[in-house]
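Q: Using full-length UniProt numbering, the letters of the sequence shown correspond one by one to residues 1 to 354.
Just dropping this structure here.
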Amino acid sequence: QGGVCFDLSRMDAITELSLEDFSVVVEPGVTRKALNSHLRGTGLWFPVDPGADASLCGMAATGASGTNAVRYGTMRPNVLNLRVVLPDGRLLHTAGPGRQARKRAAGYDLTSLFVGSEGTLGFLTQATLRLHPLPEAVAATIAAFPSVRAAVACTVQVLQAAVPVARIGGCQGPAVGPGGRWAWGLSAASSHPEFLDEVMAGACSRFSGLELPAAATLLLELHGSRRSLAEQQQQAEEIVRLNGGSGLAWAEEPEERERLWAMRHRAWYAALALRPGCQGYSTDVCVPISRLTDVVVETQRDLQDSGLTGPMVGHVGDGNFHCLLLLDPQDPAEAQRVHAFAQRLGRWGRGAPG
Numbered sequence: 001q002g003g004v005c006f007d008l009s010r011m012d013a014i015t016e017l018s019l020e021d022f023s024v025v026v027e028p029g030v031t032r033k034a035l036n037s038h039l040r041g042t043g044l045w046f047p048v049d050p051g052a053d054a055s056l057c058g059m060a061a062t063g064a065s066g067t068n069a070v071r072y073g074t075m076r077p078n079v080l081n082l083r084v085v086l087p088d089g090r091l092l093h094t095a096g097p098g099r100q101a102r103k104r105a106a107g108y109d110l111t112s113l114f115v116g117s118e119g120t121l122g123f124l125t126q127a128t129l130r131l132h133p134l135p136e137a138v139a140a141t142i143a144a145f146p147s148v149r150a151a152v153a154c155t156v157q158v159l160q161a162a163v164p165v166a167r168i169g170g171c172q173g174p175a176v177g178p179g180g181r182w183a184w185g186l187s188a189a190s191s192h193p194e195f196l197d198e199v200m201a202g203a204c205s206r207f208s209g210l211e212l213p214a215a216a217t218l219l220l221e222l223h224g225s226r227r228s229l230a231e232q233q234q235q236a237e238e239i240v241r242l243n244g245g246s247g248l249a250w251a252e253e254p255e256e257r258e259r260l261w262a263m264r265h266r267a268w269y270a271a272l273a274l275r276p277g278c279q280g281y282s283t284d285v286c287v288p289i290s291r292l293t294d295v296v297v298e299t300q301r302d303l304q305d306s307g308l309t310g311p312m313v314g315h316v317g318d319g320n321f322h323c324l325l326l327l328d329p330q331d332p333a334e335a336q337r338v339h340a341f342a343q344r345l346g347r348w349g350r351g352a353p354g
C-alpha cells in the first residue's frame, strides 16, 4: 500500500538526566546500550532488554518487552512522557511539556496510547524514561528438565513462591504465534524465565559453543542484595529439583552471565543454522500461563505431524512463546504447510479449537 520511512537515527542526544527523579530524556537515535553506557557510574540503568541494541523510541513505538520484564516491566510502564509529531504537523507532549511525574491521576493517559502504536499515530521524537537502581548482586543459571511440562511447572512455582526473579526464560522446540509473520529477527521478549525446548537447546549449544543437554531448558536470573541472593538461590534450587531439573550452576561474574544471555539472544541465528539455506518464519503467541503447557505440547505434536522444523523459545513467565519455523523458499508445499500451521496456532492462542 506504500508509505513513508523517516530515518531519525542522527537525533541521538540524551538531553536530560535526573538522578533524583530516576528519569532520563532521550531522542530517537539513542539505543539501549548507548543509554546504559552513559549511565555507567550513576548507580542507575534502563533494564528493558528486547535482545537487540534497539533505539529507545523504537522500543516505545513497538511496546517492546524483553528478558527483564518479569521484574522491571515492559516499555509501557517505563515511559513517562513522549514528544510526538502528529500527522498534521502539530507537536504533542503526551504528559505535558517537561513533565516527569510517575503518577498521572487526571486526564487521558496519552502516553500509554502512543506506546505500541508503531508509527500509526505519529512520530516519536523524544521519550522520557524511568530508570532503576542497579542491583547490588546478580546471579544467573541454566536448568535442564525431563519435559516441557516440568519446565513450565517449575516456572509457575517459582513465581508463586514470590522468588524475586529478574529474568526467567527458556528454550524449547518448534512453535508458532497467532497469524505468524515472515521475520528476519527475533526479539527476546520478557524478563520471565526464558524457556528453550529440546531442539532449540541443542541448536543454541552448537551455535554458541556452550555445552547444554538437548533437553527442555530454563534460564533464570536473580537480582538483589548479596545477603538476600543466597536465600533466593536456595529457594530456586529447591523448586527446580522438585520438578526434576538438574544442571544448576550459578554464574555471578558479568562475563559469565553475558555468555548465557548472549546464547539466548542468538537463538534466531542458531535456529537458522539447523537448515542452512532455508528461510525463517517467526511466530509469536501469548496464552494464559495455565494453558501454556498444553498449547506447547500440542504445538510440538502438530509440528511433528506436519513434518516441520520449528524450535521454540519462550518467555514462559507471561505465557509467551515463539516458534521459529524453517522452510525452503523453493518448496511451495512446505510454505503452505507452514502457513496452515501458523493459522492453527493463532486459533489456539485466541482460545478457539485447533
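For every residue, glycine included, the Cβ atom is placed at its ideal position computed from N, Cα and C.
Is it a yes or a no for the region 113-133 touching the region 16-23, going by three-plus beta-carbon pairs under 8 Å?
A: With a cut-off of 8 Å, the region 16-23 and the region 113-133 count as touching, because enough Cβ pairs lie within range.
Q: Under 9 Å, do residue 220 and residue 271 count as touching if we go by C-beta distance?
A: Cβ distance not < 9 Å, so residue 220 and residue 271 don't count as in contact.
Q: Which two residues bound the contiguous alpha helix (DSSP H) that contains residue 346?
A: From DSSP, the alpha helix (DSSP H) with residue 346 extends over 332-349.
Q: Using a threshold of 9 Å, state whether the C-beta atoms of residue 68 and residue 49 are closer than that.
A: Yes, these two residues count as a Cβ contact at 9 Å.
Q: Mind checking whether residue 324 and residue 313 have CB atoms under 9 Å apart?
A: Yes; because the gap between Cβ atoms is below 9 Å, this pair is in contact.
Q: Are residue 135 and residue 224 touching if we call contact CB-CB under 9 Å?
A: Closer than 9 Å, so yes.
Q: On the DSSP letters alone, give me the boundaries of the beta strand (DSSP E) that residue 323 sits inside.
A: Residues 320-327.
Q: Tell me which same chain residues have a C-beta within less than 6 Å of the C-beta of residue 110, skipping the five on either side of it?
A: Around residue 110: 94.
Q: By Cβ distance, which residues of its chain are closer than 6 Å to residue 31, with the 5 residues on each side in sequence left out?
A: Excluding positions up to five away in sequence, the list reads 53, 55.
Q: In the DSSP assignment, find the alpha helix (DSSP H) that holds residue 200 and state where it starts and stops.
A: Note, residue 200: alpha helix (DSSP H), 198-208.
Q: How should residue 6 be labelled, buried or exposed, when 16 other C-beta atoms within 10 angstroms of its C-beta is the threshold for buried?
A: Exposed: under 16 other Cβ atoms inside 10 Å.
Q: Would you mind sorting residue 108 into buried or exposed? The rule is 16 or more other CB atoms within 10 Å of its CB.
A: Answer is exposed; the Cβ neighbour count stays below 16.
Q: If you check the beta carbons only, do residue 116 and residue 61 fall under 9 Å apart?
A: For residue 116 and residue 61, yes; Cβs fall inside 9 Å.
Q: Helix, strand or coil: which one does DSSP assign to residue 273?
A: Three-state DSSP puts residue 273 in coil, outside helix and strand.
Q: Starting from the Cα of residue 285, find the closest Cα among 296, 278, 279, 277 and give me that residue.
A: For the residues 296, 278, 279, 277, the minimum Cα distance to residue 285 belongs to 296.
Q: Within a Cβ cutoff of 7 Å, which residues of the same chain sit near residue 328, ignoring the five residues on either side of it in sequence?
A: Within the same chain, residue 328 has close Cβ partners 278, 334.
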